[in-house]
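What follows is a set of notes on a single structure, which appears directly below.
In this note's numbering, the protein residues as written are 1096 to 1237.
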């Protein structure tokens, strides 16, 4: 009988599990917002890189065709030969697909542009003109 009383049960108590879960929840509350902040910053950086890449691709298009695509032709001219583009040598994008900005919106393209030969921009996370931080508009002329 004495032998059975000396055996201890192994495992965690409910209280121990609740303490561990509480600590994990506190860490998630502290670390989570910081991770989300950096995710927003990385989307802004990715959009800037995509705009630079699209601008370089539009320059290659101009070298072949002799002019930038019109606003009506849009960025589609980089993957499909527009009517009247005799020396088109595309598709100019590797995936033969026009990329969306990191917020899954289309880039806005205007040619001739108000700020240069063409204007290429993303309206940011809020899809509205203006804004700060992740909502700020990103373009090829600034």
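Even glycine gets a Cβ: it sits at the ideal position worked out from N, Cα and C.
Spatially closest choice to residue i from the options, by CA coordinates
i: residue 1207; options: 1192, 1152, 1117, 1166; result: 1166
Burial state of residue i, where buried means 16 or more other Cβ atoms lie within 10 Å
i: residue 1107; result: exposed
i: residue 1197; result: buried
i: residue 1160; result: buried
i: residue 1215; result: buried
i: residue 1153; result: buried
i: residue 1128; result: exposed
i: residue 1110; result: exposed
Distance CB(residue i)-CB(residue j) smaller than 8 Å
i: residue 1145; j: residue 1186; result: no
i: residue 1174; j: residue 1188; result: yes
i: residue 1222; j: residue 1202; result: no
i: residue 1230; j: residue 1220; result: yes
i: residue 1210; j: residue 1236; result: yes
Alpha-carbon spacing of residue i relative to residue j, whole angstroms
i: residue 1168; j: residue 1141; result: 25 Å
i: residue 1155; j: residue 1149; result: 10 Å
i: residue 1157; j: residue 1176; result: 13 Å
i: residue 1134; j: residue 1225; result: 20 Å
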